[in-house]
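Scroll down for the structure; my scribbles are underneath it.
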Amino acid sequence: MKIIIHGGFFSESSTNLETKIAKQEALLRIVKDSYEYLKSHTALETVVYAVSLLEDDELFNAGIGSQIQSDGKIRMSAALMDGTSMKMSGVINIEEVKNPIQVAEVLMTVDDRILGGSGATNFARKHGFEAFSTEIPQRKAEYEAKLKSTGTGTVGCVALDSKGKIAVATSTGGKGFEIPGRISDSATVAGNYANEFCGVSLTGVGEDIVSGAVATKIVTRVTDGFSLEEAFEKTFNELKPFDGFAGAIAIDCKGNMYHQDSHPTMVFASFDGENEVVFK
2 MKIIIHGGFF
12 SESSTNLETK
22 IAKQEALLRI
32 VKDSYEYLKS
42 HTALETVVYA
52 VSLLEDDELF
62 NAGIGSQIQS
72 DGKIRMSAAL
82 MDGTSMKMSG
92 VINIEEVKNP
102 IQVAEVLMTV
112 DDRILGGSGA
122 TNFARKHGFE
132 AFSTEIPQRK
142 AEYEAKLKST
152 GTGTVGCVAL
162 DSKGKIAVAT
172 STGGKGFEIP
182 GRISDSATVA
192 GNYANEFCGV
202 SLTGVGEDIV
212 SGAVATKIVT
222 RVTDGFSLEE
232 AFEKTFNELK
242 PFDGFAGAIA
252 IDCKGNMYHQ
262 DSHPTMVFAS
272 FDGENEVVFK
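Counting with this note's numbering, you get residues 2 to 281 for the letters of the sequence shown.
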């Protein structure tokens, strides 16, 4: 059993040592808690559990603490993919929901599995997700001061369970001040993808991740025989011509875990029951 999570990017220029330590501690706590959960649950159930914990922590830009768009509203996106069934579900630009990833989990059971805008929000209400404001004072202050975000905030999880099954979940609160209707990578196969061989979750600038088809390329290359490291190297090299801003976490069917970013520094943590790793 293996699990790896990410919490977007850490910028030395915009956050302090106290925040860095807080993120390290939070990621280690969440990854270990999720590993315990994985012991008695499937990979699919576990990635939802882990991403829900990340959404509930205002240190990260997903769920509570999500960025505010240019019209003053918060719209979030999240996706879930089961590497065994090859089913993906997701919500795009959903509003006033505490845990978008849990709405994506419910969508996994219906035919129309990716919903956007009011359709996603209405679906959530009909399935018992009450209206919940994810706005925090910090985001409001940033919005009112028109501080520009770097647009690199997303959370994600990849898990390999005791039966060798892989699942991945990704959730984002957006890049901040974007045009309403903008689509992030998180609920696309560029930012969230898995099959029986590999699972990958992305963070970074959504437009760059979609342009590079990053998650899909990595998973496809592993499926075709590349090692996880080779798949990452080739895919990230293909971001260089347009200076693509991305970070990725992954687990393959052999239990190998890997992470890479094109710009410093993606925050992540992993745990396999014995060895813990967290970003420096």
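Even glycine gets a Cβ: it sits at the ideal position worked out from N, Cα and C.
The structure displayed is predicted, hence computed values, not measured ones.
Which listed residue (the options) has its alpha carbon closest to that of residue i
i, options, result
"Val220", "Ala251, Ile184 and Lys21", "Ala251"
"Gly117", "Val92, Met109 and Glu131", "Val92"
"Asp83", "Ala142, Ala168, Leu54 and Phe130", "Ala168"
"Thr47", "Lys176, Ala79, Gly182 and Tyr36", "Tyr36"
"Thr43", "Val107, Met2, Thr16 and Gln70", "Met2"
"Lys164", "Phe11, His260, Phe124 and Cys254", "Cys254"
"Ala170", "Arg140, Ser263, Tyr259 and Val49", "Val49"
"Thr173", "Ile180, Pro181, Glu106 and Ser187", "Ser187"
"Lys176", "Ala51, Gln68, Lys21 and Thr20", "Gln68"
"Ala79", "Val190, Lys241 and Gln25", "Val190"
Where the alpha helix (DSSP H) through residue i begins and ends
i, result
"Asp209", "Gly207 to Gly213"
"Ala232", "Leu229 to Asn238"
"Ile102", "Pro101 to Leu108"
"Pro138", "Pro138 to Glu145"
Cβ-based neighbour list, residue i, same chain, cut-off 7 Å, excluding 5 preceding and 5 following
i, result
"His7", "Val156, Gly157, Ser202, Thr204, Gly248, Ile250, Met267, Val268 and Phe269"
"Asp34", "Leu54"
"Phe246", "Thr153, Gly205, Val206, Asp209, Ser263 and His264"
"Val107", "His128"
Residue(s) in a DSSP beta bridge with residue i
i, result
"Lys1", "Residue 1 lies beyond the stretch modelled for the chain, which goes from 2 to 281, so this question has no answer here."
"His41", "The question names His, yet the displayed sequence has Ser at residue 41. According to DSSP, Ser41 bridges with nothing at all."
"Leu116", "Val92"
"Tyr259", "Ala251"
"Cys168", "It is worth fixing the name first, because residue 168 is Ala in this sequence and not Cys. Paired residues: Asp83 and Ala160."
"Ala132", "Partner(s): none; Ala132 has no beta bridge."
"Glu277", "Phe272"
"Phe10", "Met267"
Residues near residue i in its chain [Cβ-Cβ closer than 8 Å; skip 5 each side]
i, result
"Thr224", "Asn196, Phe198 and Cys199"
"Gly129", "none"
First through last residue of the beta strand (DSSP E) which encompasses residue i
i, result
"Ala191", "Element bounds for Ala191: n/a, residue is neither H nor E."
Task: Contact between the region 264-274 and the region 27-40 (3+ Cβ pairs under 8 Å) - done: yes
Task: Contact the region 128-139 vs the region 217-231: 3+ CB pairs below 8 Å - done: no
Open item on the list: Taking 8 Å as the cut-off, does the region 99-119 touch the region 57-67 (at least 3 CB pairs, one atom from each stretch)?
Closed with: yes
Task: the region 206-218 / the region 159-166 touching (three or more Cβ pairs under 8 Å) - done: no
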